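All residue numbers for the sequence shown refer to our numbering, where the first residue is 1 and numbers rise by one. Just so you know, even glycine gets a beta-carbon here, dropped at the ideal spot from N, CA and C. Quantities reported herein were computed from a predicted structural model and do not represent experimental measurements.
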Amino acid sequence: MNSTQRLALIVGLVLILASSSISATGVDSRAYTCAGLHELVAEKRFVFINYPSFMEFVVANGSYCTSGEVIQLRSVPTSDNTECLVSRCRNHSYSN
């Protein structure tokens with residue numbers, strides 16, 4: 001393996017580790033624009049928002065919800081919008 005191939009392998013591994021850590025540790029919604037957060041969720045399909053008053057998974061669509069759950073919109077702050085709407089799964093009888 002030459003040095004170019006080795007570098008490409010290392011960069012690939014770093015990117016894989018970085019993308020998996022986004023889902024595992026969560027993201028601070030304030031680090032993204034509203035559109036950027038929506039793009040991240042669409043790309044990853046579900047993302048944990050690690051924001052003190054939220055601390056939940058947001059999902060790309062209802063197929064990530066379980067039986068008995070529905071999509072509910074909730075706002076989170078982003079760098080450009082204090083009330084960026086995101087989708088989360090909630091039990092249909094849960095009011096909040």
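Comparing alpha-carbon positions, the option among Ser79, Asn91, Val27 and Asp80 lying closest to leucine 73 turns out to be Asn91. Counting along the chain, cysteine 34 sits inside the alpha helix (DSSP H) bounded by residues 34 to 44. Approximately 7 angstroms separates the beta-carbon atoms of arginine 88 and phenylalanine 57; this is inside 8 angstroms, confirming the contact. For the 8 angstroms CB-CB criterion, isoleucine 49 and glycine 62 do not form a contact. Collapsing the DSSP output to three states places serine 63 in a helix.
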